[in-house]
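Going letter by letter, the sequence shown gives residues 44 to 332 in the working numbering.
A short write-up of the structure that comes next.
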Amino acid sequence: LVLVDLWSVDKRYLDASDFKDDKQVDNMFRPTQADRQILQDTDPHYRVFNTTSPSGPFNDALTSYFHKAVGGYHAAKMMRYQDLIERHLSTGNMNVFNMLNTKYFINKDQQGNPIANVNTNALGNAWFVKEHRLVENADEEMNALSNFNPSETAIIDKRFSDYLAGYSHSGNPSNSIKLTSYDSDHMVYQSNASTDQLAVFSEIYYNGKDWKAYIDGEYVPHIRVNYVLRGLKIPAGEHTVEFRFLPQSFYTGRTVSAISFYLLILLVIGSIGLELKKRMLTEEKVQSS
């Protein structure tokens with residue numbers, strides 16, 4: 044009865060004419076010449092900053108239809124990323140754009156048409172640093188981003204100092220780390236280094252236990268660097284590094300939902316069984332009388 048009632052109300056609000064074919068929706072988002080130029084890149088794991096949107100780079104949602112965007116719109120941005128926007132991205136701090144792997148900037152040419160400009164200093168998805176600098180708190184961490192070379196230095200809040208106790212940097216031009224697989228909840232990297240390294244990953248650090256790091260399948264802790272990014276110590280040699288999104292709340296909720304579902308099924312079966320038993324007893328009484 045509830046289903047029929049809701050269905051009739053919903054149909055008055057949303058009927059068949061409101062549904063659109065996939066092709067009609069896709070045609071609403073037409074790539075510009077700049078988009079087509081960028082999409083020719085064989086490596087899809089870059090980021091784009093679009094300065095041509097009428098609503099501004101941080102209120103623009105269309106860029107994300109074609110690319111991974113540094114800007115874009117979200118009604119509830121992470122506070123740390125909003126801080127980064129206000130203090131550094133909106134002022135054009137290229138150090139920060141580089142550490143966010145901003146490989147392309149979409150700007151306007153002299154005729155006002157969007158064109159793509161390549162940023163050759165984008166640092167990629169992950170890299171090894173030659174040194175780290177400890178700062179007292181988050182404010183100093185933010186301020187330090189104004190004057191540092193992210194390809195060589197990692198800025199780290201002293202709350203993570205124990206993680207780096209006894210660690211010493213040792214660089215080698217042959218050391219390498221690269222992204223080999225990317226999903227929104229699972230990223231895989233291949234690392235090869237002659238000595239232990241501190242790697243910086245161009246992914247947002249979350250202050251919780253939902254994102255977990257693994258080296259060769261073994262869980263390892265990671266830290267926050269450069270105010271918003273992830274840092275991880277990686278031992279010498281060849282290793283597979285993974286980041287997995289494993290929110291405990293999700294798995295707990297899924298378990299509770301499954302248990303509740305099966306209990307409900309048992310309750311329904313039990314209710315049907317009791318009802319059948321009552322009918323059988325009633326029939327027996329009628330027959331005996």
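Backbone N, C-alpha and C fix where the C-beta goes; we use that ideal spot for every residue, glycine too.
Considering only ASN190, ALA104 and ASN168, the residue with the shortest C-alpha distance to MET230 is ASN168. Counting along the chain, the unbroken alpha helix (DSSP H) around TYR56 starts and ends at 45-56. Annotation: ASN168 is outside any beta strand (DSSP E) and is labelled neither H nor E by DSSP. The residue from ALA77, PHE72 and PHE101 with its alpha-carbon nearest to that of LEU127 is PHE101. In its chain, beyond the 5 residues on either side, PHE244, GLU246, TYR248 and HIS265 have a beta carbon closer than 6 Å to the beta carbon of ARG273. The beta-bridge partner set that DSSP reports for HIS88 is empty. The alpha helix (DSSP H) runs lying completely inside the segment 97-143 and spanning 4 residues or more are 106-109, 122-127 and 137-142, given in chain order. Contact between the segment 220-229 and the segment 272-289 is present, with at least three C-beta pairs closer than 8 Å.
Separation of the CB atoms of ILE149 and THR94 is rounded to 6 Å, and the pair is thereby assigned contact status at 8 Å. Bounds of any alpha helix (DSSP H) do not take in MET230; it lies within the beta strand (DSSP E) bounded by 229-236. Counting only runs that start and end inside the segment 218-297, the beta strand (DSSP E) elements of at least 3 residues fall at 219-226, 229-236, 240-247, 254-258, 261-263, 266-268, 272-277 and 280-288. Taking a contact as a CB-CB distance under 8 Å, the pair ASN162 and PHE140 counts as one, their CB atoms being some 7 Å apart. Judged by DSSP in its simplified three-state form, ALA208 adopts coil rather than helix or strand. Distance between ALA236 and ILE277, taken at the CA atoms: about 9 Å. Per the C-alpha coordinates, the member of TYR206, ILE258 and ALA279 positioned closest to SER213 is ALA279. Its chain contains HIS282 and VAL284 as the residues whose beta carbon lies nearer than 6 Å to that of ILE258, once the 5 sequence neighbours on both sides are disregarded; these appear in chain order. Apart from the 5 residues on each side of it in sequence, PHE191 sits with its Cβ closer than 8 Å to the Cβ of ASN138, ARG176 and ILE198 in its chain, given in chain order.
According to DSSP, residue pairing for LEU177 in a beta bridge involves ILE199. The C-beta distance from LEU188 to ASN136 rounds to 7 Å, short enough to fall under 8 Å. Rounded to whole angstroms, the Cβ separation of TYR147 and TYR89 is 6 Å, and the two are in contact under 8 Å. In the three-state DSSP reduction, PHE304 falls in the helix class (H, G or I). In the structure shown, the three-state DSSP call for ASN186 is helix. Taking the CA atoms as reference points, LEU275 sits about 39 Å from GLN76. By the neighbour-count criterion, in which 16 or more other beta carbons inside 10 Å mark a residue as buried, TRP170 falls on the buried side. Here the alpha carbon of LEU309 sits roughly 11 Å from the alpha carbon of ILE302.
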